[in-house]
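Here's the structure we're looking at; comments come further down.
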Amino acid sequence: MASTRFFRRLLLGLGLFGVSAFAAPAARADYWEFSSGFNYSKSTYSGGSYSWNRRLGASIGYNFSDSSTVEFAWQKSMERDHYEGFEDSTYDDQVTSLNFVWNLMGRDSKIQPYVKVGIGQLNRNAAISNTAGQSQFTTLDQLTGVLGAGIKFRLTQTFSLRLEGTSYLSGAKISTWRDNFGATFGVALYY
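In structure tokens, the structure reads:
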């Protein structure tokens, strides 16, 4: 199973470099973008119950025109829900994806809104236990659609702050966009 995951990731990475290699030289913007982001949230409820979520991500994108980017992205998400006297669950998700990013403003704009669409591989490990001592462990490996939107605040020619919301679509169905939605705050470096 690990070799299958590696092979899929390798194909996604090769796809990124393949698209950048065949872009028409006159249309190239010829710069790379390296990004990373994070999010953490926690809620505490009465009676010792709580919930938290942590999301980390990184991406590398090749800008083959002023408004178009092909991005190879990785995101790891951990979620823990503990409801005292009822249930304790943990979800460990990892998504590797290949995305097309459309920048709505040019590279020289200080504020750069963008949207993205892509395809990825979702690997999920879930553990759910209840107070009766019953436990359920589930592993899910499936292709997923990717939808996202964000905004970059360009501070220098090579550095931006970014806010992004991304949804992983179960079975590539748009109606499932709320099921795996998360927001991240991060930085982008341009070379």
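Sequence positions in the sequence shown follow the working numbering and run 313 to 503. Just so you know, even glycine gets a beta-carbon here, dropped at the ideal spot from N, CA and C. What you are looking at is a predicted structure, and each value in this text was computed from that prediction instead of being measured.
C-alpha distance - residue i paired with residue j, whole-angstrom precision
i, j, result
"Gly369", "Gly360", "30 angstroms"
"Glu396", "Thr402", "14 angstroms"
"Phe384", "Lys428", "12 angstroms"
"Phe471", "Arg366", "24 angstroms"
"Phe465", "Trp344", "17 angstroms"
"Arg474", "Thr468", "13 angstroms"
"Ser380", "Gly418", "10 angstroms"
"Phe480", "Ala439", "Note that residue 480 is Tyr in the sequence shown, not Phe. Computed Cα separation, rounded: 20 angstroms."
"Gly477", "Thr356", "24 angstroms"
"Thr450", "Arg436", "8 angstroms"
"Asp400", "Gln406", "20 angstroms"
"Lys354", "Thr408", "25 angstroms"
"Asn415", "Gly494", "20 angstroms"
"Ser447", "Phe398", "12 angstroms"
Exposure of residue i, with buried meaning 16 or more beta-carbon neighbours within 10 Å
i, result
"Ala444", "exposed"
"Tyr374", "buried"
"Gln424", "buried"
"Phe376", "buried"
"Leu410", "buried"
"Gln387", "buried"
"Pro337", "Unreliable positioning characterises Pro337 in this predicted model, as indicated by a pLDDT of 46, which lies under 50. A coordinate reading is not provided."
"Ser389", "buried"
"Ser371", "buried"
Test: residue i CB closer than 8 angstroms to a CB of chain B
i, result
"Tyr502", "The question asks about chain B, but that chain is absent: this structure has only one protein chain."
Test item: CB-CB of residue i and residue j under 8 angstroms
i, j, result
"Phe412", "Val382", "yes"
"Leu459", "Gln433", "no"
"Asp393", "Ser363", "yes"
"Gly462", "Tyr426", "yes"
Residues near residue i by beta carbon distance below 7 angstroms, same chain, minus five either side
i, result
"Phe350", "Arg367, Leu368, Thr496, Phe497, Gly498"
"Gly457", "Ile431, Leu481, Ala484"
"Ile486", "none"
"Asp491", "Ser482"
Other residues of its chain near residue i: CB distance less than 6 angstroms, five sequence neighbours each side excluded
i, result
"Lys422", "Arg466"
"Asn442", "Glu399"
"Glu391", "Asn365, Tyr403"
- Query: Going along the chain, which unbroken runs of the beta strand (DSSP E) with 3 or more residues stay wholly within the region 386-439?
  - Reply: If we require 3 residues or more, the beta strand (DSSP E) runs fully inside the region 386-439 come out as 399-415.
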